[in-house]
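Step one of this worksheet: look at the structure below.
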Amino acid sequence: MIDPVTTEIIRCALLQAAEDMNATLIRSSYTPVIYEAKDCAVALLDRDHNVLGQSSGLPIFLGNLEVCTRETEALYGRQVWQEGDVWVLNDSYIGGTHLNDVTVYGPIFVDGALAGFAASRAHWLDVGSKDPGGSMDSTSIFQEGLRLGPVKIYAGGRPCRDLHEVIARNTRFPHATLGDMRAQVACAMTGQRRLAEIVLRWGLETVMAARDEIFVQTERLEREAITAIPDGVYSAGGFLDNDGISLDVPLPVNVTVTVAGSDMSVDLSDCADQAEGPVNCGAAQAVAAARVAFKLLVSGEVPLNGGSFRPLRVITRPGSMLAARSPAACQYYYSHLGLLIDLVVKALAGVLPGKAAAASYGDSMIVQFSGTDPRTGKLYVSQEATVGGWGAWDGGDGESALINSVNGDLRDMPIEVLETLFPVRVHRYELRPGSGGAGRWRGGDGVVREYEFLGPTSLSLWFERSVTPAWGLAGGHAGVPPRVTLNPGTAGEREVLKVNALPVRAGDVLRCESGGGGGYGMPG
Amino acid sequence: MHSLLRAARPTVVAMTYRVAMDIGGTFTDVVCYDERTGAVVASKAPSTPGDLAEGVFAALGSVVADLTEISFFVHGTTQGLNALLERKGAKVLLLAGQGAGHAYHIARGNRTRMFDLRYRKPVPLVPREHIVEVGGRLDWRGGELTALDEQAVRGAARRALAEGFDAVAVCLLFSYANPEHEVRAAEILREELGERVLVVLSHEAAREWREYERTSSAVLEAYTGPAVRRYLAGIERRFAERGLGVPVHVMQSSGGLVNASHAMRRPLQTLLSGPVGGTMGGVALARLLGGRRNAICVDMGGTSFDVSLVMDGRPDITSEASIEGFPVLMPLVNLHTIGAGGGSLAYAEAGALRVGPQSAGAVPGPACYGRGGTQPTVTDANVVLGRVDPEWFAGGLMSLDVEAAHRAVAALAGQLGMEPVRLAEGICQVANAKMAQAIRTITVDHGIEPREFALLAFGGAGAMHAVFIARELGIGEVVVPRFPGAFSAWGMLEADVRRDLTEPHFRGQESLDGPAMATALAALEASALAELAAQGVPTARRRVEHAVDMRYEGQDYTLTIPLEGADESAAPDFLPRVAARFAQAHTARYGHATPEAPVEVVMLRSTGLGTFPRLAAASPEVEERAAVTRQVVFDGVTHGTPVVRRSALAGELAGPAIVVEETATTVIPPGCVASVDEFGFLIIKVAP
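Protein chains in written order, with my numbering: chain A, 100 to 623; chain B, 276 to 963.
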């Protein structure tokens, strides 16, 4: 029997170890997608692939790094783990996300025995998809870039030169990509050092005993929180606009939440089959999204570890767009995940009035452009998410100009940085008045961002949620949906929400307007 | 008022006293150094929030009778910070570029709390109705695209006058690359407004890119500046009336000093001046105590635990911070704060023990304060273990309810099925582990190893936990300065005059122009020297250090790489030299580098430093006083432990022992040995 003092000290040390890994990764990464958008996550795992400590930049990476070590072991057997090895994996159907999200992980040996694993996932800027940075119209995983199964990038502490060469030759930005990979290796080393220190200090048996106790405590706290919700079956539904290929075919997403005693299940089977366009994800990612909704509504304060989510069952349907199979395209794996998180909130809003809010503008609203910078003659890619309005609740207005839920702590791109790095000028960046839904409490406003291109440019857009804009609650009105206009106020004016690699000329103007949040309560 | 040490009263009238003062929320600490004898005296008086100057004069009067005897005076001011914390700052009109007027409200759009559906940003200090857009646009290099709309600026000035604004902040796009539009706007504002209304230009407040962060910096200066100016003008006048013959110096957030007239022009830099004094004390310690170039400074009080670093004798300075959720771009000492202190609450959750970050605060405070608190705190745990001497608690100012502490700990022990004394030690162990982790985090961030550092402990509770924290980290030496409670004030006495100048200089490796960079740095050096001269620093004591912010192409985070001089970049082999230095720094900090990747320069930094004469060694006199013995628990074993007054310490003292003084208690566990050095520092050798 382990005493509460030792358990708590070990628990804090494991959490801190994960935070230190995260700090190492973010501080040493090369590309803004990681250090700015925090499009990454880290986990420290025990030898049975349970989470000991984790730190997430992106909410939707919650608790699915362990699938990578688990699948590797399933494929090669437990004896495959060797001291000093580091592995890499980005297969969408294992990790759940797009090929840009690369998981780097390694076993941790203490005194020659396997003690656990250190893992991180981070978004690489370019993995050699058919269009720079990623495509809005891919129809197969084979168009989306280099697909790495579980393979070693370090063996016995030495870099595997051959695989490094493969990666370097399959990305448009080899320095940045390999730099980010090294940051992930440094992150794994930090995790190895930290766990070894903890195990050497307390002994493996004590650490494992503390782990068991911590997991039991976490499960107990989550079950208490679920028990407080009235038993019942709660559901909600909505639509993705389209899959980026067949622009007039909305794709349904329905969620059914069942609360029974201290257990909860989220059934995601009732959604569209895997689509032709890149709106699919592996089942691991649908599970992670359901866990985000669970954290938002049920267990926000409960520590995250291997005891988390034990009372939560997530049901997916293989072959659906939430549990896709090869060769489904997965580049925009998150648009339906953001929607399903919002729908779980909507389903439970009636029984959790103190936690829920009306819907937000909902998706990342990507503006991506690339070309050759006339100032330097070099290839560039700019990739931005657009902020928008959030939903109101009983007692408060929704916030304006805030990033969508799946993007966590992502910051917008300052005009001064954007114009310095890329051949573009921003004429306006302001709040979009009246875009928040009316209500006793108002939804937050979206923004207007207007770009002028200064040279020939290839433009890609991914704006969502025009079919299911941010709904209101308790009589509050919906937010205004997004609108994107090319060359507004001219003869060539054209509205477009999704497009891939559209050629635009110097002087062309793009006006992006993001949606507002839903209102709460009848407007007065 | 409570005098903390025998004040050595002067008998000869001469300018011999160097005086520093740290104005805290509760007390104003003062430290006085006698240049003739080397004697150091500390005292404190209650702070007087209505008119801070009252507390200042009261504290000062307790150490120096005649202000004409003061040769140097420095203090940290909290006026600006208080105005911000209480949201009682100035009414600010913000002038922004056309189409970019909402930048201050959009505020980068990020969400710092991931699982919060009801996230709100901090309420901006300037409402949207008080933001005026003015025409005029520059490109990314500062070239003019459209001319400044002077009529719009004049209209805004008239509005400021008519509607009674206290300050005007101006932030135009790309002003860091070319300040002309902002400078012209200021001229127009001055013509219309005179000197009564504070005008803040963003490129002067923070000459760095990113319009939201620069706007936020300018707004913070405009919002807090009038309060700082009123206070400093008042105190300078009242000091002069009482005979002070030297300028009032003010501590800046960067750990350097400026005189009051400069601080009134650039008040932003005084915003976080209080807590950095302790770090500057650490810098002085690194200089005074030979061989200790690296120190981890820990300041533990009732509710928070601050960590900062001294590396190779220099303070760890960062160029960006967030205050109350508002970003500010300025050089400031890097302080990492966690919610751990004497008041941290211990409680049970699902059968687990948790300690902090919730605090019992001042009311009700720990159970042992006898003010109705029933939940055990870290202080209560120390009381149960016998580590707090009831006679010396809070310098004897407060009586201790020992029974209440025992009751609170016993109640929690019952819930957890533990023996109370074991729980008390456990509460301290969890708190110590968390504080050690805070230190590990800041050292990991810098890629350094805590074992190579000395731990410098101050603040009310720091010395009680320092040795235990050091053990967690494998640190071999703990230093407890004299007057641990007034150490921030002491540190100010040891600081330099400091002016930080920056100039954005965005160049990729291919477009790097070494001679042009040298010219720009020479201009910065001339400005820095001129500013030091204006601050009254004699020629022989002025120096300027130069550095460049660099990164790999495509990276955002930069590393500041020191240069050998303003002209180093003119050398033909400059690029490979500086790139190698950068790769080395990158490896040290991040564990890897990419030597073949192209680098870029982002910013030039020149720092003017003016040094003052330093303190000389003078060991305090030793009092004859017998130790008393108390029963204290270490590792579950009760030891008869001598309690020694610090003023009676001589030679070595082997643990277990407890050293008490007015502002702090130092706990020395078995196996550790303490001694007093020639400066009066308590040095503890920590057994592993």
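For every residue, glycine included, the Cβ atom is placed at its ideal position computed from N, Cα and C.
ask   = For the beta strand (DSSP E) that E612 (chain A) lies in, which residues bound it at each end?
value = Numbered from its first residue, the first sequence carries residue 612 (chain A) at position 513. Where E612 (chain A) is concerned, the enclosing beta strand (DSSP E) stretches over 608 to 612.
ask   = Does V516 (chain A) have its Cβ less than 8 Å from a Cβ in chain B?
value = Locating residue 516 (chain A) in the first sequence gives position 417, counting from the first residue. Answer yes: the Cβ-Cβ gap between V516 (chain A) and chain B drops below 8 Å somewhere.
query = Can you name the residues of chain A whose CB is closer than 9 Å to the CB of M693 (chain B)?
reply = In the second sequence, counting from the first residue as 1, residue 693 (chain B) sits at position 418. Those within 9 Å of M693 (chain B) in chain A are D102, P103, V104.
request  = With a threshold of 16 other CB atoms inside 10 Å of the CB of T250 (chain A), please say whether the residue is buried or exposed.
outcome  = Taking the first residue of the first sequence as position 1, residue 250 (chain A) is located at position 151. It is worth fixing the name first, because residue 250 (chain A) is Val in this sequence and not Thr. Exposed.
ask   = Residue range of the alpha helix (DSSP H) that A287 (chain A) falls in?
value = As a working note, residue 287 (chain A) is residue 188 in the first sequence. From DSSP, the alpha helix (DSSP H) with A287 (chain A) extends over 273 to 301.
ask   = Is the region 289 to 306 of chain B touching the region 346 to 355 of chain B in the sense that three or more CB pairs, one from each, lie closer than 8 Å?
value = yes
ask   = Looking only at its own chain, which residues have a Cβ that is under 6 Å from the Cβ of S763 (chain B), when we skip the five neighbours before and after it?
value = Along the second sequence, one-based indexing puts residue 763 (chain B) at 488. Excluding sequence neighbours, S763 (chain B) sits near D297, G552, G553.
key: Nearest-angstrom Cα separation, counted from R110 (chain A) out to V144 (chain A)   = For the purposes of this step, residue 144 (chain A) is taken as the residue at position 45 of the first sequence. For the purposes of this step, residue 110 (chain A) is taken as the residue at position 11 of the first sequence. One point to set straight first is that residue 144 (chain A) is Leu, not Val, in the sequence displayed. Rounded to whole angstroms, L144 (chain A) to R110 (chain A) spans 13 Å at the Cα level.
query = Does the distance from the C-beta atom of Y460 (chain A) to that of S613 (chain A) stay below 8 Å?
reply = Counting from one through the first sequence, the residue named residue 460 (chain A) turns up at place 361. Counting from one through the first sequence, the residue named residue 613 (chain A) turns up at place 514. Taking 8 Å as the Cβ cut-off, Y460 (chain A) and S613 (chain A) qualify as a contacting pair.
task = With a cut-off of 8 Å on the beta carbons, I'd call K634 (chain A) and G343 (chain A) a contact; round off their distance for me.
result = No information on residue 634 (chain A) is available, as it lies outside the stretch 100 to 623 that chain A covers here.
Residues near L787 (chain B) by beta carbon distance below 7 Å, same chain, minus five either side = By one-based count along the second sequence, residue 787 (chain B) stands at place 512. Taken in chain order, the residues that qualify are L850, V876.
key: Test: I381 (chain B) CB closer than 8 Å to a CB of chain A   = One-based indexing of the second sequence puts residue 381 (chain B) at position 106. Judged by the 8 Å Cβ criterion, I381 (chain B) is in contact with chain A.
inquiry  = Residues in the same chain with beta-carbon distance under 6 Å from A561 (chain B), minus the five sequence neighbours each way, listed in chain order, please.
reply    = What you label residue 561 (chain B) is simply residue 286 of the second sequence in a count that begins at 1. R567, R568, A570, V585, G588.
query = Around the Cβ of G661 (chain B), are there at least 16 other Cβ atoms within 10 angstroms (buried) or fewer (exposed)?
reply = Position 386 of the second sequence, counting from 1, holds the residue named residue 661 (chain B). G661 (chain B) comes out buried.
query = What span of residues does the alpha helix (DSSP H) with P103 (chain A) cover, start to end?
reply = To locate residue 103 (chain A), count along the first sequence from 1; it is residue 4. Residues 103 to 127.
inquiry  = Let me check one thing: in DSSP terms, what residues is H914 (chain B) bridge-paired to?
reply    = In the second sequence, residue 914 (chain B) corresponds to position 639, counting from 1. Answer is B:V907.
message = Please classify Q859 (chain B) as buried or exposed, where buried requires at least 16 neighbouring CB atoms within 10 angstroms.
response = Here residue 859 (chain B) refers to the residue found at position 584 of the second sequence. Looking at its Cβ environment, which holds fewer than 16 other Cβ atoms inside 10 Å, Q859 (chain B) is exposed.
inquiry  = Among the candidates A:S364, A:E118, A:T355, whose CA atom is the shortest distance from the CA of C370 (chain A)?
reply    = Here residue 370 (chain A) corresponds to residue number 271 of the first sequence, with the count starting at 1. Nearest option by C-alpha distance: A:T355.
request  = Mark G418 (chain B) as exposed unless 16 or more other C-beta atoms lie within 10 angstroms of its C-beta, in which case mark it buried.
outcome  = Residue numbering aside, residue 418 (chain B) sits at position 143 when the second sequence is read from its first letter. G418 (chain B) comes out exposed.
ask   = Hey, quick one: how far does the beta strand (DSSP E) through N404 (chain A) stretch, first residue to last?
value = Within the first sequence, the letter at position 305 stands for residue 404 (chain A). Careful: N404 (chain A) lies outside any beta strand (DSSP E) and carries neither H nor E.
inquiry  = Using CA atoms only, rank isn't needed, just tell me which of A:G554, A:V179, A:D200 is closest to L245 (chain A).
reply    = Residue mapping note: residue 245 (chain A) aligns to position 146 of the first sequence, counting from 1. Measuring from the Cα of L245 (chain A), the nearest candidate turns out to be A:D200.
task = Would you list the one or two residues that DSSP bridges to E529 (chain A)?
result = Translated into the one-based positions of the first sequence, residue 529 (chain A) becomes position 430. A:V547.
key: Closest Cα partner of S922 (chain B) within the set B:V316, B:A480, B:F580   = Taking the first residue of the second sequence as 1, we reach residue 922 (chain B) at position 647. Of the candidates B:V316, B:A480, B:F580, the one whose C-alpha sits nearest the C-alpha of S922 (chain B) is B:V316.
ask   = Comparing the C-beta of C111 (chain A) with each C-beta of chain B, is any distance below 8 Å?
value = To locate residue 111 (chain A), count along the first sequence from 1; it is residue 12. Yes, C111 (chain A) counts as interfacial toward chain B.
ask   = Is the Cβ of P285 (chain B) closer than 8 Å to any Cβ of chain A?
value = Position 10 of the second sequence holds residue 285 (chain B). With a pLDDT of only 42 at P285 (chain B), under the threshold of 50, the placement of this residue in the model should not be trusted; the figure read from the coordinates follows. By this cut-off, P285 (chain B) is not an interface position.
task = Name the one or two DSSP bridge partners that H524 (chain B) has.
result = For the purposes of this step, residue 524 (chain B) is taken as the residue at position 249 of the second sequence. Answer is B:V349, B:N534.
key: Limits of the alpha helix (DSSP H) - the one that G270 (chain B) falls within   = No answer is possible for residue 270 (chain B): the residues shown for chain B start at 276 and end at 963.
ask   = Do we get a CB-CB distance below 8 Å when we pair W492 (chain A) with the residues of chain B?
value = Residue numbering aside, residue 492 (chain A) sits at position 393 when the first sequence is read from its first letter. So, interface residue.
Chain-ordered chain A contacts of M586 (chain B) [CB-CB under 9 Å] = Residue mapping note: residue 586 (chain B) aligns to position 311 of the second sequence, counting from 1. The contacting residues do not exist; M586 (chain B) stays about 16 Å from chain A at best.
key: Pairwise C-alpha distance: R482 (chain B) and E778 (chain B)   = The sequence position of residue 778 (chain B) within the second sequence is 503, counting from 1. The sequence position of residue 482 (chain B) within the second sequence is 207, counting from 1. Approximately 7 Å, taken between the alpha carbons.
message = By the three-class DSSP mapping on this structure, what secondary structure does K319 (chain B) have?
response = Looking up residue 319 (chain B) in the second sequence gives position 44. K319 (chain B): strand per DSSP, three-state reduction.
task = Anything in the region 313 to 324 of chain A with a Cβ closer than 7 Å to a Cβ of chain B? List those residues in chain order, please.
result = Q316, R319, L320
ask   = Near T196 (chain A), what residues of its chain come up, given a Cβ to Cβ distance below 6 Å and the 5 sequence neighbours on each side ignored?
value = Position 97 of the first sequence holds residue 196 (chain A). For T196 (chain A), where only same-chain residues beyond five positions count, the Cβ hits under 6 Å are Q384, Y432.
inquiry  = Counting C-beta neighbours from all protein chains within 10 Å, is the total for A801 (chain B) 16 or more, i.e. buried, or is it exposed?
reply    = Position 526 of the second sequence holds residue 801 (chain B). By the neighbour-count rule (16 or more Cβ atoms within 10 Å), A801 (chain B) is not buried but exposed.
ask   = For chain A, is any of its Cβ atoms less than 8 Å away from the one on R715 (chain B)?
value = The residue you call residue 715 (chain B) lines up with position 440 of the second sequence. Taking Cβ atoms only, chain A reaches closer than 8 Å to R715 (chain B), which makes this a yes.
ask   = If you scan the region 306 to 357 of chain A from start to end, which runs of the beta strand (DSSP E) of 3 or more residues do you find wholly inside it?
value = 331 to 339
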